[in-house]
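So the sequence shown is numbered by numbering that gives the first Met the number 0: it starts at 0 and just counts up by one.
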Amino acid sequence: MKNIPTGSEELSQSMPSQTVIGCLETLNQGLEFLEILSPEDYTFIAAPHVTSSIGEHYRHWLDLFHAIRLDCDKIDYNVRRRGHHVEREINTAKQEIKQLIEWLFELPANRLEQIVIVETEVLLSQTCAQEVQSSLARELTFAALHATHHFAMIKVMASLKGIASETDFGLAPATVTYQRAQ
């Protein structure tokens, strides 16, 4: 059995940061939602409203986390797995989410403030990638919030099939904070 830390320094090193906890909440939300879907639901496309499947939305936001996990020093958001089997196989998505959860639990807290270089496309009119400085914590926050944005679209797609989800699925943390204050 793992010993419970007693000193405040030990405790702060063993507890995940708020950033990581937020990512874990998001990943768990995504995993829990998959539990209510069938494989057919996962590949459902709500045309003409949406031109991609629930699985394609999952693949997209998972790609952002994978780009961060792949190289924590230089994050290339242009690396996408379009057409990957995670778009069609719900169990693959579940497994990937579980792997990301494990990775986040193992991520050393001192890495979060690490400066990273982020590369991403910035223009529609032509191919143009830009590199910017950021921090690992900022990019993890971005990936989690981007997943939430896709959850909102997925929630609409699922509702068109008569699938109900948790009321806070697809809501941003700031929205939930606002609602609590009302």
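Backbone N, C-alpha and C define an ideal beta-carbon position, used for all residues, glycine too. Everything numeric in this text was worked out from a predicted model, so none of it was measured.
Residue from the options whose Cα sits closest to the Cα of residue i
{"i": "Q98", "options": "I114, L170 and L30", "result": "L30"}
{"i": "A45", "options": "G161, S134 and T140", "result": "G161"}
{"i": "D72", "options": "A146, W60, P15 and L111", "result": "L111"}
{"i": "Q129", "options": "L139, E118 and Q181", "result": "E118"}
{"i": "E165", "options": "M14, Q28, Q17 and C22", "result": "Q28"}
{"i": "R81", "options": "N90, L135 and H56", "result": "H56"}
DSSP state of residue i mapped onto helix, strand, coil
{"i": "T50", "result": "coil"}
{"i": "L121", "result": "The residue asked about is misnamed: residue 121 is Val in this sequence, not Leu. V121: coil per DSSP, three-state reduction."}
{"i": "D167", "result": "coil"}
{"i": "I138", "result": "In the sequence under discussion, the amino acid at residue 138 is Glu, which differs from the Ile named in the question. If DSSP states are grouped into helix, strand and coil, E138 belongs with the helices."}
{"i": "E130", "result": "strand"}
{"i": "V78", "result": "coil"}
{"i": "I153", "result": "helix"}
Same chain, Cβ closer than 6 angstroms to residue i, five either side skipped, listed in chain order
{"i": "A171", "result": "T147"}
Beta-carbon contacts of residue i that lie in its chain and below 7 angstroms, excluding the five residues immediately before and after
{"i": "K93", "result": "L30 and L33"}
{"i": "W102", "result": "R68"}
{"i": "M156", "result": "F43, A45, V49 and I53"}
Distance between beta carbons of residue j and residue i, contact taken as under 8 angstroms
{"i": "I153", "j": "I53", "result": "5 angstroms"}
For residue i, the residue or residues it bridges with in DSSP
{"i": "L44", "result": "It should be pointed out that residue 44 corresponds to Ile in this sequence rather than to Leu. Answer is S52."}
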